[in-house]
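Just below is one structure, and these are the notes that go with it.
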């Protein structure tokens, strides 16, 4: 309840409609900076919607490659109840974790004489150890069509503010495991994966990740890092997202709306009829 | 034409509809990394939709506070036609510009013993010199309602890919000056403001900036940096965006759809009837 309250603000606004202005109360999606650090070592600051902060930090550290397993985290400390204005999480790492200055801000490798390109960016992710998700699950198209309504039913903040992104994990049969919301799409995904990491559920080899916005490059990267075989979104992916999904073997579904979707990569994991595929129509 | 082509990719996908799978061709919004540097000094790497790269870099450097005027830029060099794979811009600054290591990655100040909060974040922006936009223009609600249809008519890529954000500048009477698109919301705004900077049009004291997505914290910050008095979006702002707009005197309009909108901050710049305001209805 407490966290739920922190994710919404109520404020006075002026609504204009057809020439008539009215003062009304309106809900806003809360956005506040969160500082991550390990003792005196700064790990970064991110803007996020308060709530599930430990999951956010755990998911961020994992999908960014700073840690590679649950055991790399000894503790995640947030301030107690009386200091809720203090937006920080203090991370204690296992002694084996190597922290470099700037390691949490250098998301892309630059520096080659010819500039950077999509191919170099993907090669860097391979060097970081990202591999094709290990999964032999065949997903049912009808199951996929049932996911967006379940996500909407589970979203408690979005309907009131219109400003939050959601990410949700589903079992192979379409059972909702967890849903997380945030003003930032990446944060919603980090919270979801952080939940799985802290619950000892990684890799998520049989699961579907559904995001309310686009399935962009960084969302694809985070999904692969968590071993997720199928990423679905209700909107369009980018060219680099599709390229990365194809090269690293993630199944990428977009425009999942009603009884229609588009498969951009990895269609071998979706049970579509081969005859229909060749026959067209 | 060339830049337009680079912003779209065409690819083969599988479309599933009501049990029937078909191979079709589909347009994707292009996303590629762009490296910014000044000689050997790295300024950062961002994912963006190719096109208007010089504007993107100029707008980013300006709204991030690295430069404060057109004259701070001596040149922006992009590779010639034969090397379009090279995604970089080389910036030559005026000798007066001070570059610090990490200056382009440290967007928020952290480090106080009590963590960070919205108030500290806004205080930091004040220290950077952000001030209330100087404008005495009174904007017409009917003019505002006419902007989203004009933006949609001008957007050439969005309709085909469904994956791009747009930002557009309008005159006080609603005339469209420029529209820029990008896979990233911040980039679309940086390209728009960069266009104005390079054209010697800053500050934009009488203009309206319309964005296709949310009016989030960083979009508010960029608008104020450019002197824009009115930021409008078709969706919801966050709590921190509203807080910053109120404290620094930006007029913030959300949910601008059809003949309705919500004023979150600075309603003195919008010509709404005071009697209607108090009378309600």
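Residue numbers (the numbering used here), protein chains in the order written: chain A, 322 to 602; chain B, 322 to 602. Positions of the beta carbon are idealized from the N, C-alpha and C atoms, including for glycine.
Coarse secondary structure for residue i, derived from DSSP in three states
i, result
"residue 591(B)", "strand"
"residue 444(B)", "helix"
"residue 501(A)", "strand"
"residue 338(B)", "strand"
"residue 365(B)", "strand"
"residue 487(B)", "strand"
"residue 575(B)", "strand"
"residue 559(A)", "strand"
"residue 375(B)", "helix"
"residue 416(B)", "coil"
"residue 493(A)", "coil"
"residue 432(B)", "The pLDDT assigned to residue 432(B) is 35, lower than 50, so where the model puts this residue is not dependable, and the model offers no usable value."
"residue 565(B)", "helix"
"residue 542(B)", "helix"
"residue 449(B)", "coil"
"residue 393(A)", "helix"
"residue 455(A)", "coil"
"residue 548(B)", "coil"
"residue 380(A)", "helix"
"residue 521(B)", "coil"
"residue 387(B)", "coil"
"residue 527(A)", "coil"
"residue 537(B)", "coil"
Counterpart residues of residue i in DSSP-defined beta bridges
i, result
"residue 346(B)", "333(B)"
"residue 411(A)", "358(A) and 398(A)"
"residue 460(A)", "591(A)"
"residue 582(B)", "337(A)"
"residue 554(B)", "532(B)"
"residue 353(B)", "369(B)"
Burial state of residue i, where buried means 16 or more other Cβ atoms lie within 10 Å
i, result
"residue 542(B)", "buried"
"residue 324(B)", "With a pLDDT of only 40 at residue 324(B), under 50, the local geometry of the prediction cannot be trusted, and no value is derived from it."
"residue 335(B)", "buried"
"residue 540(A)", "buried"
"residue 576(A)", "buried"
"residue 486(B)", "buried"
"residue 280(B)", "Chain B is shown from 322 up to 602; residue 280(B) falls before or after that span and cannot be answered."
"residue 415(B)", "exposed"
"residue 508(A)", "buried"
"residue 384(B)", "buried"
"residue 470(A)", "exposed"
Residue from the options with nearest C-alpha to residue i
i, options, result
"residue 359(B)", "398(B), 522(B), 446(B) and 585(B)", "398(B)"
"residue 276(A)", "488(A), 505(A) and 546(A)", "Any answer about residue 276(A) is impossible in this case: the structure gives chain A only from 322 up to 602."
"residue 559(B)", "545(B), 574(B) and 549(B)", "574(B)"
"residue 492(A)", "517(A), 502(A), 503(A) and 507(A)", "517(A)"
"residue 356(A)", "463(B), 442(B) and 375(B)", "442(B)"
"residue 345(A)", "590(B), 592(B), 591(B) and 585(B)", "585(B)"
"residue 289(B)", "342(B), 331(B), 337(B) and 343(B)", "Look at the range of chain B in this structure, 322 to 602, and you will see that residue 289(B) is not part of it."
"residue 546(A)", "571(A), 567(A) and 342(A)", "571(A)"
"residue 550(B)", "415(B), 490(B) and 582(B)", "490(B)"
"residue 372(B)", "457(B), 410(B), 461(B) and 525(B)", "410(B)"
"residue 618(B)", "554(B), 537(B), 523(B) and 465(B)", "Outside the shown range of chain B, which is 322 to 602, sits residue 618(B), and nothing can be said about it."
"residue 544(A)", "393(A), 475(A), 338(A) and 386(A)", "386(A)"
Chain C within 7 angstroms of residue i, Cβ atoms only
i, result
"residue 484(B)", "Absent from the structure is chain C; the protein chains it does hold are A and B."
Could you run through the stretch 530-554 of chain A and flag, in chain order, every residue whose CB is less than 9 angstroms away from some CB of chain B? 535, 537, 538 and 539
Given a limit of 7 angstroms on CB to CB distance, which residues of the stretch 571-585 of chain B reach chain A? 580, 581, 582, 583, 584 and 585
Taking Cβ-Cβ distances below 7 angstroms as the criterion, which residues of the stretch 327-348 of chain B are in contact with chain A? 330, 332, 334, 335, 336, 337, 338, 339, 341, 342, 343, 344 and 347
The stretch 357-368 of chain B: which residues have C-beta closer than 7 angstroms to a C-beta of chain A, in chain order? 363, 366 and 368
Which residues, in chain order, does the stretch 491-513 of chain B contribute to contact with chain A at a C-beta distance below 8 angstroms? 504
Taking beta-carbon pairs under 8 angstroms, can you tell me which members of the stretch 554-565 of chain B lie near chain A? 556, 557, 558, 559, 560, 561, 562 and 563
When Cβ atoms are compared, which residues of the stretch 445-477 of chain A fall closer than 8 angstroms to chain B? 462
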